[in-house]
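Protein chains: 2
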Amino acid sequence: MPTDATPRPTIYDVAQRAGVSKSLVSLVLRDAPHVSEARRDAVLAAIDELGYRPSRAASALASQRTRTVGVLIDDFHNPWFVELLAGLRSVLDPAGYTASVADLALETASGRKPVDGFLAQHVDAIVIAADLAPGTLERVGVPIVVAGLRELGARDAGRAVDVVAGDDELGGRLATEHLLRLGHTRVAHLAGHSGPGDARRRGYESAMLAAGLEPITTGGGATTEAAGYSAACALLEAHPHVTGIVAANDVMAVGALAALRERGLSVPADVSVVGHDDSPLAAYRYLALTSVDGHSADVGAAAARALLRRLDSPDAPAHRELLALDLVVRGSTAPPPT
Amino acid sequence: MPTDATPRPTIYDVAQRAGVSKSLVSLVLRDAPHVSEARRDAVLAAIDELGYRPSRAASALASQRTRTVGVLIDDFHNPWFVELLAGLRSVLDPAGYTASVADLALETASGRKPVDGFLAQHVDAIVIAADLAPGTLERVGVPIVVAGLRELGARDAGRAVDVVAGDDELGGRLATEHLLRLGHTRVAHLAGHSGPGDARRRGYESAMLAAGLEPITTGGGATTEAAGYSAACALLEAHPHVTGIVAANDVMAVGALAALRERGLSVPADVSVVGHDDSPLAAYRYLALTSVDGHSADVGAAAARALLRRLDSPDAPAHRELLALDLVVRGSTAPPPT
DNA sequence: TTGAAAGCGCTAACAA
DNA sequence: TTGTTAGCGCTTTCAA
Numbered sequence: 001m002p003t004d005a006t007p008r009p010t011i012y013d014v015a016q017r018a019g020v021s022k023s024l025v026s027l028v029l030r031d032a033p034h035v036s037e038a039r040r041d042a043v044l045a046a047i048d049e050l051g052y053r054p055s056r057a058a059s060a061l062a063s064q065r066t067r068t069v070g071v072l073i074d075d076f077h078n079p080w081f082v083e084l085l086a087g088l089r090s091v092l093d094p095a096g097y098t099a100s101v102a103d104l105a106l107e108t109a110s111g112r113k114p115v116d117g118f119l120a121q122h123v124d125a126i127v128i129a130a131d132l133a134p135g136t137l138e139r140v141g142v143p144i145v146v147a148g149l150r151e152l153g154a155r156d157a158g159r160a161v162d163v164v165a166g167d168d169e170l171g172g173r174l175a176t177e178h179l180l181r182l183g184h185t186r187v188a189h190l191a192g193h194s195g196p197g198d199a200r201r202r203g204y205e206s207a208m209l210a211a212g213l214e215p216i217t218t219g220g221g222a223t224t225e226a227a228g229y230s231a232a233c234a235l236l237e238a239h240p241h242v243t244g245i246v247a248a249n250d251v252m253a254v255g256a257l258a259a260l261r262e263r264g265l266s267v268p269a270d271v272s273v274v275g276h277d278d279s280p281l282a283a284y285r286y287l288a289l290t291s292v293d294g295h296s297a298d299v300g301a302a303a304a305r306a307l308l309r310r311l312d313s314p315d316a317p318a319h320r321e322l323l324a325l326d327l328v329v330r331g332s333t334a335p336p337p338t
Numbered sequence: 339m340p341t342d343a344t345p346r347p348t349i350y351d352v353a354q355r356a357g358v359s360k361s362l363v364s365l366v367l368r369d370a371p372h373v374s375e376a377r378r379d380a381v382l383a384a385i386d387e388l389g390y391r392p393s394r395a396a397s398a399l400a401s402q403r404t405r406t407v408g409v410l411i412d413d414f415h416n417p418w419f420v421e422l423l424a425g426l427r428s429v430l431d432p433a434g435y436t437a438s439v440a441d442l443a444l445e446t447a448s449g450r451k452p453v454d455g456f457l458a459q460h461v462d463a464i465v466i467a468a469d470l471a472p473g474t475l476e477r478v479g480v481p482i483v484v485a486g487l488r489e490l491g492a493r494d495a496g497r498a499v500d501v502v503a504g505d506d507e508l509g510g511r512l513a514t515e516h517l518l519r520l521g522h523t524r525v526a527h528l529a530g531h532s533g534p535g536d537a538r539r540r541g542y543e544s545a546m547l548a549a550g551l552e553p554i555t556t557g558g559g560a561t562t563e564a565a566g567y568s569a570a571c572a573l574l575e576a577h578p579h580v581t582g583i584v585a586a587n588d589v590m591a592v593g594a595l596a597a598l599r600e601r602g603l604s605v606p607a608d609v610s611v612v613g614h615d616d617s618p619l620a621a622y623r624y625l626a627l628t629s630v631d632g633h634s635a636d637v638g639a640a641a642a643r644a645l646l647r648r649l650d651s652p653d654a655p656a657h658r659e660l661l662a663l664d665l666v667v668r669g670s671t672a673p674p675p676t
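Residue numbers (our numbering), protein chains in the order written: chain A, 1 to 338; chain B, 339 to 676.
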């Protein structure tokens with residue numbers, strides 16, 4: 001039983017009112033060519049007067065496509081995803097697609113496989129912005145675009161998967177070179193295990209080696225504030241004389257700030273800290289983290305374009321796009337103490 | 339043209355395989371009573387073997403309900419919503435409903451009215467967890483539940499609207515009384531203009547008046563870190579001797595921390611700070627904010643239950659539920675300097 | 001450039 | 001307890 005007393009107008013009502021056939025209305029809706037101005041205007045007017053909204057259900061059923069794309073985010077707690085989403089939508093919306101957003105952590109908590117919800121919705125495509133267990137994408141049957149440097153990009157899924165990401169290895173290098181250029185020599189890395197995290201670690205290590213310095217890496221598990229704190233504690237225990245820390249992301253950097261403060265070390269006077277993601281956190285005046293900006297909005301937009309392209313030509317070869325990124329210098333970095 | 343070569347199995351295939359009729363399969367799917375064990379098992383087996391997934395589009399079209407509820411969040415940047423969503427889903431999922439989440443800020447940016455996306459999706463109901471412009475909910479036509487103390491709860495929409503919220507006025511009182519009990523007398527409020535923000539301000543003011551103290555309120559606009567910073571600057575300019583600050587939320591509290599540090603004031607030795615929301619931010623060791631925990635997960639679950647109830651009985655009188663909340667004491671509060 | 005008509009996969013009476 | 005049968009509102013050939 002419908003909640004509403006007045007039934008919604010259908011395409012049929014619009015057709016009647018405009019004095020045309022259902023099919024013509026359908027054509028106008030998807031602004032097909034070869035429709036006369038007069039008819040088009042009549043239809044548009046009727047739509048307006050009736051307050052007509054097409055039924056997605058009916059359209060999905062008839063066309064066998066939902067015009068919905070699933071977007072899987074790793075964890076809503078870490079605010080890096082907000083810009084990615086904005087970028088995705090800036091391209092998807094005008095193309096008539098709706099983004100259906102899910103959080104891997106929540107999805108996993110509810111017991112089913114992370115993409116099951118999307119498949120039940122019959123999304124037309126999926127954007128993956130999270131690290132997945134191997135095999136999760138087998139037999140998914142819809143195009144997949146990976147946003148961010150996730151390992152599964154190449155393998156898994158047994159078919160062409162497009163990858164659009166910031167060049168996180170470059171990011172790790174930029175962060176490290178910034179500290180080296182300031183004069184630091186004892187620079188350590190708080191690693192986080194994730195697609196981007198691993199790339200950032202590689203970037204850090206290559207920059208250190210290129211400078212003839214020995215990399216010091218701790219952590220390598222979770223990418224949370226708590227993990228950043230523990231890794232920094234372990235680091236300061238083992239290497240009390242570090243003057244620079246490159247963290248795998250901003251929340252880990254915030255964890256490191258706490259560890260440093262506990263030991264009476266001040267930032268940036270005693271130790272400089274660099275984060276990654278340039279998340280809203282980094283910009284908070286109280287934290288003022290120097291951070292690598294991954295331009296998530298651009299990544300999102302590019303990922304959406306890749307998606308639309310693949311929807312057009314399902315058999316095109318896999319496409320891999322690495323976007324440049326840059327460092328935002330704030331108050332958490334300075335030359336080492338003399 | 340479908341992306342996949344093999345067409346998905348339909349309810350008809352399942353029926354054939356199980357040796358029953360379509361309707362019986364439909365009944366089993368919605369686990370209706372009065373279906374024999376044998377047939378049910380046969381159907382379930384067939385579903386399993388075929389890897390059948392019901393088509394939401396077809397079901398929505400036939401039943402005129404999408405089993406989807408729209409959830410409108412104020413701003414993904416402020417992580418308070420994560421627990422609310424978890425609470426909502428803990429009730430909605432088992433009931434067979436899918437949450438479709440949108441961000442008011444993003445939605446507004448894309449130029450259309452914030453709920454238009456939901457209406458286009460034909461959601462069965464909407465959860466509002468944001469402050470809306472007047473008139474936004476007129477003629478929406480589906481049940482609405484407001485999560486949080488949003489002004490529009492009572493009026494607007496011209497019909498019964500349920501409200502489930504934390505008792506934010508109590509929250510404001512709890513935060514203030516905590517400081518008073520520690521011995522503070524010059525306690526100020528950084529106000530934010532939002533439903534919960536206004537209630538928190540009232541709570542602060544009533545606690546001050548009850549203690550025979552004069553309320554000092556600044557801010558009252560945005561609820562961001564930047565707004566918290568400016569309001570705190572203005573406050574410290576006008577009232578340099580405050581020893582306690584109650585912020586309308588955690589991000590504003592973080593803004594205040596920066597303003598205090600700039601003036602050489604330390605927290606909590608010189609000034610104590612209390613936030614609201616007990617968001618992930620508050621728990622970061624580096625911030626360690628004492629904060630009012632609004633139990634968002636409980637609010638979410640209760641809101642979802644209210645929704646299901648209203649879907650059952652659309653004409654029930656409006657329901658308003660205020661949940662208790664409590665204070666989480668961390669390192670940002672202490673007795674005032676002597 | 002437009003219209004007629006046949007489904008898309010499911011639900012929900014109604015019959016049996 | 002189970003099967004039959006109309007649609008739900010739209011897309012999409014195919015003809016006109």
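Virtual Cβ for every residue (Gly too), placed ideally from N, Cα, C. Predicted model only: the values in this text are computed from it and were never measured.
Contact with chain B is found for LEU106 of chain A, since one of that chain's Cβ atoms lies less than 9 Å from the residue's Cβ. For GLU321 of chain A, the uninterrupted beta strand (DSSP E) segment begins and ends at 320-323. Chain order gives the chain A residues near GLN459 of chain B as ARG56 and THR98, where near means a beta carbon separation below 8 Å.
Judged by DSSP in its simplified three-state form, HIS178 of chain A adopts helix.
A Cβ-Cβ distance of about 5 Å is found for the pair GLU515 of chain B and ALA545 of chain B, placing them in contact under the 8 Å criterion.
Put simply, of A:VAL71, A:GLY111, A:PRO240 and A:ALA232 the residue whose alpha carbon is nearest the alpha carbon of LEU257 of chain A is A:ALA232. Taken through DSSP and simplified to helix, strand or coil, SER374 of chain B comes out as coil. Against chain B, a Cβ distance below 8 Å from PHE76 of chain A picks out PHE414, PRO417, PHE419, VAL420 and LEU423. Within chain A, no residue has its beta carbon less than 8 Å from that of ASP500 of chain B; the closest one is some 14 Å off. Think of a sphere of 9 Å around the beta carbon of VAL611 of chain B: no beta carbon from chain A falls inside it, the nearest being about 11 Å out. For a Cβ distance threshold of 7 Å, residue set SER110 of chain A lies close to ASP431 of chain B, ordered along the chain.
The C-alpha of ASP536 of chain B lies about 7 Å from the C-alpha of ALA529 of chain B. Going by beta carbons, ALA147 of chain A and VAL251 of chain A fall outside the 9 Å limit. Burial state of THR446 of chain B is exposed, judged by a 10 Å Cβ sphere holding fewer than 16 other Cβ atoms. Listed along the chain, the chain B residues whose CB falls inside 8 Å of the CB of GLY255 of chain A are TYR622, ARG623 and TYR624. For GLY479 of chain B, no beta strand (DSSP E) run applies, since DSSP gives it neither H nor E. A direct Cα-to-Cα measurement between LEU327 of chain A and GLU214 of chain A gives close to 23 Å. Taking one beta carbon from each stretch, the segment 652-670 of chain B and the segment 625-633 of chain B have 3 or more pairs nearer than 8 Å; the two touch.
Beta-bridge partners of VAL525 of chain B (DSSP): B:GLY582. Rounded to the nearest angstrom, the Cβ distance from LEU399 of chain B to LEU61 of chain A is 5 Å, consistent with a contact under 8 Å.
The C-alpha of LEU92 of chain A lies about 15 Å from the C-alpha of ARG450 of chain B. Residues of chain B with a Cβ closer than 8 Å to the Cβ of TYR229 of chain A are, in chain order, ARG623.
Using a CB distance below 9 Å, the part of the segment 568-591 of chain B facing chain A consists of VAL589, ordered along the chain. Contact check between the segment 274-284 of chain A and the segment 70-81 of chain A: three or more CB pairs, one atom from each, fall below 8 Å, which counts as touching. Chain order gives the chain A residues near PRO618 of chain B as HIS77, where near means a beta carbon separation below 7 Å. Around the Cβ of SER634 of chain B, a 10 Å sphere holds 16 or more other Cβ atoms; the residue is buried. In this structure, B:VAL363 is the residue among B:VAL363, B:ALA383, B:GLY389 and B:ILE411 with its C-alpha nearest to the C-alpha of SER397 of chain B. For the pair GLU507 of chain B and LEU520 of chain B, the Cα-to-Cα distance works out to about 20 Å. At least 9 Å separates the beta-carbon of GLU543 of chain B from that of GLY509 of chain B. Here LEU260 of chain A is actually not in contact with VAL246 of chain A; their C-beta atoms are around 14 Å apart, not less than 8 Å. Listed in chain order, the non-local C-beta contacts of GLU49 of chain A below 8 Å within the same chain comprise ARG17, local neighbours out to five positions each way being set aside. When A:GLN121, A:SER23, A:PRO94 and A:VAL82 are compared, the shortest CA-CA separation from THR66 of chain A is found for A:GLN121. Per the coordinates, the alpha-carbon of ALA15 of chain A lies some 52 Å from the alpha-carbon of ALA565 of chain B.
In the three-state scheme derived from DSSP, where H, G and I count as helix and E and B as strand, ASP48 of chain A is classed as helix. Taking 9 Å as the threshold, the shortest C-beta distance from LEU190 of chain A to chain B does not fall below it.
Short of 6 Å from the beta carbon of ASP131 of chain A, and not among the five residues preceding or following it, lie these beta carbons of its own chain, in chain order: ARG150, SER194 and GLY195.
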